[in-house]
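Trainee: So the sequences go chain by chain: A and B.
Letter by letter, the first sequence follows residues 1 to 775 of the numbering used here.
Letter by letter, the second sequence follows residues 776 to 1446 of the numbering used here.
Note that beta-carbon positions come from the ideal geometry of N, C-alpha and C, so glycine has one too.
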Amino acid sequence: MVIHMVTHMMETAEKLSLLGLSEQKVKETLKNEALTALLTSIADQARAKGELTKSVGNLLYNLGTKLPRQFHSCLPFLVDYVADGRINQEAKLTAAIKFIQDHAMGDIDTAAFGKACGVGIEVSQDEIEAGVALVISKQKEAILKQRYRYNTGPLMGQVRASLQWADSRKVKEEIDLQLLTLLGPKREEDLVKPVKTKSDKREKGEVCAVLPVQQPEKQCVTMTEFLKTVTFHAPGDNHKTEGYVITENTHRLLKEHLEITGGQVRTRFPPEPNGILHIGHAKAININFGYAAANSGVCFLRYDDTNPEKEEEKFFVGIRKMVEWLGYKPYKITHSSDYFQQLYEWAIVLIKKGLAYVCHQKPEEVRGYDAPPSPWRDRPVHESLQLFEDMKHGKFDEGEATLRLKTILEEGKADPVAYRIKFVPHHCTGDEWCIYPTYDYTHCLCDSIEHITHSLCTKEFQARRSSYYWLCNALDIYCPVQWEYGRLNMHYTVVSKRKIGKLISEGHVRDWDDPRLFTLTALQRRGFPPEAINNFCATLGLTGAQISIHPDALEACVRDVLNVTAHRAMVVLEPLRVVITNYPNEGPVSVTVPNIPGNDAKGAHTVIFDRELWIELSDFREKEENGYRRLTPQQTVGLRHCGMIINVQEVVKTSSGEVDYLKVTCQPATDSNKPKAFIHWVAHPLKCEVRQYERLFQHECPEDPSVVPGGFLTDINPNSLTISVGLADVSVRGAKVYTKFQFERLGFFSVDPDSTPDFIVFNKTVGLKEDKGKN
Amino acid sequence: MTLSREMIETQLHDYTLRCEHAEKETDKLAACVQALEDGQMDLFTDDITDKEFINLINENKKLKYRISILKKSIASMGGERSTKPQDDIFSDHMCNILGQLEDIFRKAVLVAYPDVSDPVIQIQLSKHADYQCNAAMALAKILKKNPREVGEMIVKNVAPGPMIEKMDMSGPGFINIVLSQEFIRQQITNVIMNGVTPPPVTPKRVVIDFSSPNIAKEMHVGHLRSTIIGESLSRLLEFLGHDLLRLNHLGDWGTQFGMLIAHLQDNFPDFATKSPPIADLQAFYRESKKRFDEDGDFKKRAYEAVVKLQAHDPVHIKGWEEICTISKTEFQKVYERLGVRIIDRGESFYQSRMEALVKELDDAGFLEEDDGRKVMFADGAGIPLTIVKSDGGFTYDTSDMACIKNRIEEEKGDWLIYVTDAGQAQHFKSFLACAVRAGIYNPSVTRVDHVTFGVVLGEDKKKFKTRSGDTVRLVQLLDEGLQRSEEKLKEKERHKELTPEEFVKARDAVAYGCIKYADLCHDRSRDYIFSFDRMLDFRGNTAAYLLYALTRIRSIARTAGVNREEIVAEAKKKPIELDHEKEWKLARTILKLPDVLVRITDDLYLHPLCEYLYEVSTVFTEFYDNCYCIEKDETGKIVKINHCRLMLCEATAQVMEKCFAILGIETVDKM
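1) When you compare only the Cα positions, how much space is there between S374(A) and R367(A)?
2) Cβ closer than 8 Å: which chain A residues qualify as neighbours of R841(B)?
3) Among the candidates V1430(B), R1327(B), N1417(B), whose CA atom is the shortest distance from the CA of T1396(B)?
4) Comparing alpha-carbon positions, which option in E1105(B), D1068(B), S1300(B), G1071(B) lies nearest I1053(B)?
5) I'd like the list of long-range same chain contacts for P330(A), defined as Cβ closer than 7 Å, with 5 residues on each side in sequence excluded.
6) From what residue to what residue does the alpha helix (DSSP H) around N835(B) run?
7) Candidates C666(A), G638(A), H641(A), R640(A): which alpha carbon is nearest E650(A)'s?
8) If you count every other CB in all the chains shown that lies within 10 Å of the CB of P584(A), and 16 or more means buried, which is it?
9) List, in order along the chain, the chain A residues whose C-beta lies closer than 9 Å to that of E781(B)?
10) Any chance the region 70-85 of chain A sits against the region 253-266 of chain A, with 3 or more Cβ pairs inside 8 Å?
11) Of the choices F759(A), V751(A), H72(A), whose alpha-carbon is the least far from that of P529(A)?
12) Just to make sure I have the definition right: I need the residues of chain A whose C-beta is within less than 8 Å of the C-beta of L845(B). Which are they?
13) Between the alpha carbons of A91(A) and C117(A), how many angstroms are there, rounded?
14) Exposed or buried, P668(A), counting other C-beta atoms within 10 Å across all chains shown (16 or more means buried)?
15) Examine chain A for any beta-carbon lying closer than 8 Å to the beta-carbon of K837(B), and answer yes or no.
16) Could you spell out the range, first to last residue, of the beta strand (DSSP E) harbouring K1407(B)?
17) Can you tell which of G394(A), H393(A), K314(A), V417(A) has the C-alpha that lies nearest to the C-alpha of A356(A)?
18) Which value, in whole angstroms, describes the spacing of the CA atoms of V1230(B) and G997(B)?
19) Can you name the start and end residues of the beta strand (DSSP E) that P380(A) belongs to?
20) Identify the continuous alpha helix (DSSP H) that holds D190(A) and give its terminal residues.
21) If you follow the beta strand (DSSP E) that Y1193(B) is in, where does it begin and where does it stop?
22) Under 8 Å between the Cβ atoms of D1196(B) and T1227(B)?
23) Within the chosen definition, does the region 566-582 of chain A reach the region 601-620 of chain A through at least 3 CB pairs nearer than 8 Å?
24) At the 8 Å Cβ level, is S199(A) part of the contact set with chain B, yes or no?
25) Please list the partners that H431(A) has in chain B, where partner means a Cβ-to-Cβ separation under 9 Å.
26) Would you call the region 1276-1289 of chain B and the region 1255-1264 of chain B in contact, with 3 or more CB pairs under 8 Å?
27) For D1245(B), count neighbouring Cβ atoms within 10 angstroms of its own Cβ and tell me buried if that reaches 16, exposed if not.
28) Bridge partners of L1020(B), per DSSP?
29) What residues in its chain sit with their C-beta under 6 Å from that of Q215(A), if we drop five residues either side in the sequence?
30) Could you tell me the distance, in whole angstroms, from the CA atom of I679(A) to the CA atom of G541(A)?
31) On the criterion of 16 or more Cβ atoms from any shown chain inside 10 Å, does Y344(A) qualify as buried, or is it exposed?
32) Are the C-beta of W470(A) and some C-beta of chain C separated by less than 8 Å?
33) Can you tell me where the beta strand (DSSP E) holding G726(A) begins and where it ends?
34) With H, G and I counted as helix, E and B as strand and the rest as coil, what does DSSP make of K198(A)?
35) So the candidates are R404(A), L134(A), R149(A); which of them puts its Cα closest to the Cα of G157(A)?
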């Protein structure tokens, strides 16, 4: 037995080495059973045609590894071409694979195939020499100038453009030879390494495993710009994507699909309406809506409302509001429940086809990965049909019966549940149903019904891709393509509905939109502009890896937007009264302040200057200190915008010896009396509340038990909220909710919905700089 | 100063908030108390932390929800065993519109008036609309309400569906129903594409007993009716999807075999080794009967032969088999001519079962001694059954009891049908009552129908006899039919237009078709007058006319040069368009077939199917007279073909062919 196995192994290894694999590579390949089987079958077929040369072997290996799985039915056809030398170079093989992908759904027209991949065309050495000479002569000047630093890569391409089937190695050799003839041997100057400029450095981000994303050359600013650079499949080219399953109906279904959509890109954002959206959803919204927008397509907002127990009206409304807040307009708003009848009828079709059955295993029996197989799997079709009817009619209690699909998920989980019983009314369908479809069953079918071209989802769902395709094909309906991207996780926060609920019920935060959270409503309340969130998502890219992001990265995007949009205002948080004894005017006067300094187009507003004003307590010190640049009895300070500097005349104290107010004198600022600093101030101020926030948690990952053994509730930062009553200049009077300001020297602030016409409440959005050293 | 004033304000704000909070709490508690008193738990579950209590509340909610689902399910099933999902009704089956409407209205009534049990839903054809529902009248009486109001309530609760276009009220409370045109077009299109398909029916195991002549006797015109009716019912039930067992209950175990075997021994002593060449079994029978009646010695030997036969003496069995084979071969010839399929299962089959049954009945104490006989009484059985004769032999009663037991218990029949003449009604009543008493037959589980028919009369309205006064032999009758059919066709000069093969085919189809149709188109329970003249008339409700009408319909498409595949392809492209009033009328008539068929299964009277067939042909004539299918110019050249009308012709032909097939009548392409 053992000997037999060894000889078997050796035979296999020999076959692999025929395909040009090194000994090491053979060993590695043998570990991959599927690939080994594929390659040995290729080797067997090719060997029947005669001895394999090394170059044929290499081509065969490339063929085996590069031809997408769904086209393997064409493999024997291609192996023949390679084995007998009709396809004898990499370029021809690439063209052949492309041809198969483009024409796989009909009979192969061998004449067209031969033409497309240059079968029988051999480019002679003379032709190569002439082609290279022509190209080099065109670039001669530049080559002579840059000598050996000249990038010869494009030359190859140019030669190949005229001589498509020229052997690339020969072309390369010819180019080198002709360059040598032209330039002579390398001189000393040719050996100096060119200094790398900064822009040459490629950011080494995570390598994208799944998505064919072309890394943008420069950082894209907006989502749409970024997504224009992403190359998913074109609508209707579903079958060319990796892992797509081609059936006898694929060709017809894709044709019908294109007729219905007119070739338009269709995406969807499918949240479950059982909670409110958070920063992670913002990524999904941006990718789905953004990809559609970037390709003149449409995006559906589909409430995936298959679990009536957890759904509430307010979530439906909230989700829609947030999508609109981010600036996107759904093409249509749909619900998975809109399709319940169709889904139900399809379930019957599956039962009739013997692809689904009613199972009575208890939920706890089926849980986990080593669940025992269902004893009900092979029950007769008519029995399942009857029992499924019984489920629908309420004859079974919850948990007594489920409908299961006869398929196995990638992760090895067998026969996922398609329908379960819930005696719960549904938000949309009322008391019509007591059987509800599962995510696994519903999701792909709804995508199919809506003719989604790109079903974009997070990486966790990669394991569901095969069942997604299986189900669409089992029903002979249009099958969209699923693409996965990495999930976004934010540090220093929790986003799960249950955990936020806990934070609220224990009084750590006020509500779902408490600005310390990372729900979208919280970010809105905190004053994050939607475009900043969108731009932030654009910076994340579409890599397959799960990304964990520090809030600073998001805040930086927010700052970028607010810097050029938020109007300036002066607000004093810890007031110190100042009385100008030599006030030069009769009464209050107006002072003009630019809305955004340096951008006159954004206009200006006025504030009042008067004899009595308030400055920050911290902007005055009784004793002079080294490096302290603001007001002291010995040191003047400038008042921003009004062109005055003040001088302490007298420090008036209370009976207990604390500073009560200052008597100062003022004088216009001139070049000669230039103060070391200018401070903000207010006169005739409005009283307002200012809420300032810090991170809600002390650790990056409050949910990680290795870092926070006591659970996330023990990691709360006790100082995450500071409320103070401040004095604001008159320009903020009447500001609408969510109006954003830059309070001079303090940071960005946004008007909170708690405000009343007489009393504005501000939330601090972000500070002015990432490092918040105050002095 | 400023600061401290602010502090006070802040504190005041704080106290106000706390106060407001306390007030809210008080209100909430008051509401809770109120809710508790009212028993409305849902209102304050948010504030309850007792897990068990919350779980109970949730469970209660779920149970309530389940009740509502179950109630709806019961209503949707209308209390019947019809659990076919919707898609089946409209794809695999033709829609039995009347039945479906009844169902829809029953559900509507149950939703509108959930307390009414088993409402009577009457739906009939209407002059003002397509159908009319009269349920409101009876219901109003029960509910003591205004019928119009009840009618409106029902209309309001009719579930939306593809079938009904609109409903309105007329008179005191009639609901007029107009079918959706879309629905009619789709249904007609389905007929063209899929042919005539049965309406949805729950399949049953049916054991049907018909024909059943006696061995060694000739089949006569009385057997004809049982054979024709039985065959036609079998075809109908098979079409509807039932599982049929067709049994020929041959009389092959009677005392007549004693004299036959004795006579055989005398005339063909070597019968055990060489099949006796009996050409005329009837003559052989008459001879032996004569000897039996006149020769005492022969009679004694005949009795001995019976005893030996029943004791399974091999020689006697051999003789019995020979006689049976000759007889069955004769019967088979007749069945072939009439296109009848049936399995022979004579009384002999039940011999061992009768013995076992007698013991069983005796052991259970059902049998009573009566003058040496063993009899069985039962409620409803006017005359007691004689289970065992005084000589220990069995009777028809015994075999029929064993037979029903076999058909229910061994053959697993859900539905037993016996087709015999009306004279046996009393006998059936008695043995069925006894079968119930013996626990063999439970009327609520098994359906048993005794399909009876009247006698065949001659044109003199007396029992059908030959001129010489003998009973009419079936073979003779069929031969005469062929001859008369041939004459009729020749009179119409058909032999000049048809090839010899076509002519023979047409002759046979007309002959046998007419005999069957004449029988089936009358109410079977009545006597009917047998008249070749009438049944071969090419006018009126006869097979001759209808077969001819069908060939004419078929010839329309043929003339247009359009074959069936092209018509089907046309229908697949898009549903048929109907425009002309006569087109609509024909379409509606075509769609009545499923209802006609379902109705027949209620009482097993077949004449409504004949009436329907005739109606289709007359409505078709109306259509054909008013609507051109093909337009020709003066030279006879076709200038326009109306494909939708050809589709309608196709559907009509399909329906007529299906009717003929059920009636057991062969159709021909030309005649």
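Mentor: In terms of the structure at hand:
1) Numbered from its first residue, the first sequence carries residue 374(A) at position 374. Numbered from its first residue, the first sequence carries residue 367(A) at position 367. Looking at the two C-alpha atoms, the distance is approximately 12 Å.
2) Taking the first residue of the second sequence as 1, we reach residue 841(B) at position 66. Chain-ordered, the chain A residues with CB closer than 8 Å to the CB of R841(B) read G394, D397, F423, C434.
3) Your numbering for residue 1396(B) matches position 621 in the second sequence. Closest by alpha carbon: R1327(B).
4) Here residue 1053(B) corresponds to residue number 278 of the second sequence, with the count starting at 1. Cα-wise, what sits closest to I1053(B) is E1105(B).
5) For this step, residue 330(A) is matched to residue 330 along the first sequence. Once the five neighbours on either side are set aside, the close Cβ partners of P330(A) are C299, F300, L301, V323.
6) Numbered from 1 along the second sequence, position 60 holds the residue referred to as residue 835(B). Residues 826-852.
7) Here residue 650(A) refers to the residue found at position 650 when the first sequence is read from its first residue. In terms of CA proximity to E650(A), C666(A) leads the group C666(A), G638(A), H641(A), R640(A).
8) Locating residue 584(A) in the first sequence gives position 584, counting from the first residue. Counting every other CB atom within 10 Å of its CB across the protein chains shown gives P584(A) a total below 16, marking it as exposed.
9) Within the second sequence, residue 781(B) is the residue found at index 6, counting from 1. By Cβ distance, chain A contributes K687, V725.
10) Of all C-beta pairs linking the region 70-85 of chain A to the region 253-266 of chain A, fewer than three are shorter than 8 Å, placing the two stretches out of contact.
11) In the first sequence, the residue the question calls residue 529(A) occupies position 529. The shortest C-alpha separation from P529(A) is found at V751(A).
12) Taking the first residue of the second sequence as position 1, residue 845(B) is located at position 70. Within chain A, the residues whose beta carbon sits less than 8 Å from that of L845(B) are H393, G394, K395, listed in sequence order.
13) The residue you call residue 91(A) lines up with position 91 of the first sequence. The residue you call residue 117(A) lines up with position 117 of the first sequence. Those two C-alpha atoms are separated by around 8 Å.
14) By one-based count along the first sequence, residue 668(A) stands at place 668. Taking all protein chains shown into account, P668(A) has fewer than 16 neighbouring C-beta atoms within 10 Å of its C-beta and is therefore exposed.
15) Counted from its first residue, the second sequence places residue 837(B) at position 62. It does: the Cβ of K837(B) has a partner Cβ on chain A nearer than 8 Å.
16) For this step, residue 1407(B) is matched to residue 632 along the second sequence. Counting along the chain, the unbroken beta strand (DSSP E) around K1407(B) starts and ends at 1405-1407.
17) Here residue 356(A) corresponds to residue number 356 of the first sequence, with the count starting at 1. Minimum Cα distance to A356(A) is reached at V417(A).
18) Counting from one through the second sequence, the residue named residue 1230(B) turns up at place 455. Counting from one through the second sequence, the residue named residue 997(B) turns up at place 222. If you take the alpha carbons of V1230(B) and G997(B), they lie about 7 Å apart.
19) Numbered from its first residue, the first sequence carries residue 380(A) at position 380. Here P380(A) belongs to no beta strand (DSSP E), and DSSP marks it neither H nor E.
20) Reading the first sequence from its first residue, position 190 is the one you call residue 190(A). 188-191 is the extent of the alpha helix (DSSP H) around D190(A).
21) Reading the second sequence from its first residue, position 418 is the one you call residue 1193(B). From DSSP, the beta strand (DSSP E) with Y1193(B) extends over 1190-1196.
22) Numbered from its first residue, the second sequence carries residue 1196(B) at position 421. Numbered from its first residue, the second sequence carries residue 1227(B) at position 452. Against a cut-off of 8 Å, the Cβ pair of T1227(B) and D1196(B) comes out as a contact.
23) With a cut-off of 8 Å, the region 601-620 of chain A and the region 566-582 of chain A count as touching, because enough Cβ pairs lie within range.
24) Counted from its first residue, the first sequence places residue 199(A) at position 199. Unreliable positioning characterises S199(A) in this predicted model, as indicated by a pLDDT of 45, which lies under 50. A coordinate reading is not provided.
25) As a first step, residue 431(A) must be located in the first sequence, where it is residue number 431. Looking at the sequence provided, one finds Asp at residue 431(A) rather than His. Identification of chain B residues near D431(A) by a Cβ-Cβ cut-off of 9 Å yields Y840, S843, I844, K847, ordered along the chain.
26) Counting Cβ pairs under 8 Å, three or more are found: they touch.
27) Here residue 1245(B) corresponds to residue number 470 of the second sequence, with the count starting at 1. With fewer than 16 other Cβ atoms within 10 Å, it is exposed.
28) Position 245 of the second sequence, counted from the start, is the residue given in the question as residue 1020(B). According to DSSP, L1020(B) bridges with V982(B).
29) As a position in the first sequence, residue 215(A) is number 215, starting the count at 1. Below a pLDDT of 50, predicted positions are generally treated as unreliable, and Q215(A), at 40, falls in that range; the measurement from the model is reported next regardless. Taken in chain order, the list of residues that qualify is empty.
30) Here the question's residue 679(A) lines up with position 679 in the first sequence. Here the question's residue 541(A) lines up with position 541 in the first sequence. Each residue's alpha carbon lies about 41 Å from the other.
31) Here residue 344(A) is taken as the residue at index 344 of the first sequence, counted from 1. Here Y344(A) is buried. Its C-beta has 16 or more other C-beta atoms within 10 Å.
32) Given the protein chain composition of this structure (A and B), no chain C is represented.
33) Counting from 1 along the first sequence, the entry for residue 726(A) is found at position 726. DSSP places G726(A) in the uninterrupted beta strand (DSSP E) bounded by 721-728.
34) For the purposes of this step, residue 198(A) is taken as residue 198 along the first sequence, with counting starting at 1. Bear in mind that the predicted position of K198(A) carries a pLDDT of just 46, short of 50, making it unreliable; the figure below should be weighed with that in mind. In the structure shown, K198(A) sits in a helix (DSSP, three-state: H, G or I).
35) Counting from 1 along the first sequence, the entry for residue 157(A) is found at position 157. Looking only at R404(A), L134(A), R149(A), the smallest Cα-Cα distance to G157(A) is reached by L134(A).
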